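This report concerns only the one structure given below.
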Amino acid sequence: MQPHYSLLDEPLEPATEKTLELTEDVATHWVSTAGWAYFFALLLFVGGGLTLFLGVFWLIAEPMAGILMMGSTIVQCLLGGYLWRFQSKMKKALYDESDVLLEDSFRALRNVYIIAGVICISFTLVVFATVTHLVVDALLTPAAISPETID
Amino acid sequence: METQPIIVPEYSGKPKFQQTALTENHWLTTARWAMFFAIYGFLTAGINVLLLFYFLYTIINVLVVSPYLSAMISTPVMFAIGFMMTLIAVSIVFLSLGSRHHLQFSRKIPHALRLRDQDLLTEAWKNMKGAWKMFGIYTLVMLVCNLFVLVLLDHTVRSNPYL
């Protein structure tokens, strides 16, 4: 029976002298993950291209919206680039059996998670601030018809 | 003279290279962020559940409490509400499953590295693959649904002489 550990248990020191091996099963899971990363990278590049196209038009009509769209393009391309790097280096690492390429590949995956996490946190904060602003605005605005005005 | 058997080297089925300490460090950082995404995903799924209940409550109120109002609501409006509810339900399923995979990955990777457990490592990466698969299918479903809505809107606008 496997011992049960909670996340806040001991520091992450190897408890045994055993070594971990990269089996074929693990490599198969990595290849599948890399396949989905390829799909997301393509989707992000297409999305980035579309927002760039729209951003150029918006820049003339509404500069602020255009700048936001340009920012969105940069973020999408950055995320897409890291995903692309993850999948391409992973495939190369497995083909060449290279430790260095494998390390680069997982560095790119880590960066994808960090950037996506920062985007999620920023997006949530923006939504929260907007909702709070709307609620406070609605509470502070006097009602059009109040009991006093009826009398 | 005794003949020696010929030993043919066979492919062991394992890659010949190993992960470095830095690679393991990247896995741990990824696992921490996967935990964040798991919590974020579960919270989003929870908000979607509340939204679904709100829709159901509104529809039941309209249909049962106010029969005059329900008679006024046309079939396309009911279809749109039903379609939106289906999308929310699909979101709940995919977000929950994907987040569950992320959570399991983030729990298994530190234990696999500390205990040097081969099976746990394989399971962890299987979970990671599962998470990406879930979010990939979810993205595909949402893309198709959005395209469907765009085509439907276009058809409605073209077929309506007043618009």
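Going line by line, the protein sequences match chains A and B. Per the numbering used here, residue 2 is the first one in the first sequence, and the count goes up by one each step. Per the numbering used here, residue 5 is the first one in the second sequence, and the count goes up by one each step. C-beta: ideal position from N, C-alpha, C; glycine also. All values reported here derive from a predicted model rather than from experimental measurement.
Check, Outcome
"Given a threshold of 16 other Cβ atoms within 10 Å of its Cβ, counted over all protein chains shown, does Leu154 of chain B qualify as buried or as exposed?", "exposed"
"Going by CA-CA distance only, name the one from B:Leu101, B:Leu156, B:Ile113 and B:Arg120 that's closest to Thr48 of chain B.", "B:Leu101"
"Tell me whether Pro64 of chain A sits in a helix, a strand or coil according to DSSP, three-state version.", "helix"
"Indicate the three-state DSSP secondary structure (helix, strand or coil) for Asn164 of chain B in the structure shown.", "coil"
"Exposed or buried, His191 of chain B, counting other C-beta atoms within 10 Å across all chains shown (16 or more means buried)?", "Nothing can be reported for residue 191 of chain B: it is not among the residues displayed for chain B, which extend from 5 to 167."
"Consider the Cβ of Leu151 of chain B: report whether some Cβ of chain A lies at a distance smaller than 9 Å.", "no"
"Residues of the segment 99–121 of chain B in Cβ contact with chain A at a cutoff of 9 Å, in chain order, please.", "Ser110, Arg111, Pro114, His115, Ala116, Leu117, Arg118, Leu119, Arg120 and Asp121"
"Along the segment 41–54 of chain B, where does the CB come closer than 8 Å to a CB of chain A? Name the residues.", "Phe41 and Tyr44"
"With DSSP as the reference, label Asp121 of chain B as helix, strand or coil.", "coil"
"Put Gln108 of chain B into one of helix, strand or coil per three-state DSSP.", "helix"
"Is the shortest distance between the beta-carbon of Ile1 of chain A and the beta-carbons of chain B less than 9 Å?", "A query on residue 1 of chain A cannot be resolved here, the shown segment of chain A reaching from 2 to 152 and no further."
"Give the single residue among A:Gly72, A:Tyr39 and A:Arg86 whose Cα lies nearest to the Cα of Leu53 of chain A.", "A:Gly72"
"Look at Leu21 of chain A and Gln23 of chain B and say whether their C-beta atoms are less than 9 Å apart.", "yes"
"In whole angstroms, what is the alpha-carbon distance linking Phe87 of chain B and Leu157 of chain B?", "14 Å"
"Report the residue from B:Ala93, B:Leu32 and B:Phe40 whose alpha carbon sits nearest the alpha carbon of Phe57 of chain B.", "B:Ala93"
"Any beta carbon of chain B sitting closer than 9 Å to that of Val27 of chain A?", "yes"
"Quick one, which residues of the segment 102–132 of chain A are near chain B if we go by CB-CB under 7 Å, in chain order?", "Leu103, Glu104, Phe107, Arg108, Leu110, Arg111, Tyr114, Ile115, Gly118 and Cys121"
"Any contact between the segment 133–141 of chain B and the segment 21–41 of chain A? By contact I mean 3 or more CB pairs, one from each, below 8 Å.", "yes"
"Given 8 Å as the limit, tell me if Ala25 of chain B has its C-beta closer than that to any heavy atom belonging to the ligand MN.", "Because no ligand of any kind appears in the structure shown, any question about the ligand MN cannot be addressed here."
"Assuming Met65 of chain A contacts Leu55 of chain A under a Cβ cut-off of 8 Å, what Cβ separation, rounded to an integer in Å, is found between them?", "In fact, because the Cβ distance is near 14 Å, the residues do not count as touching under 8 Å."
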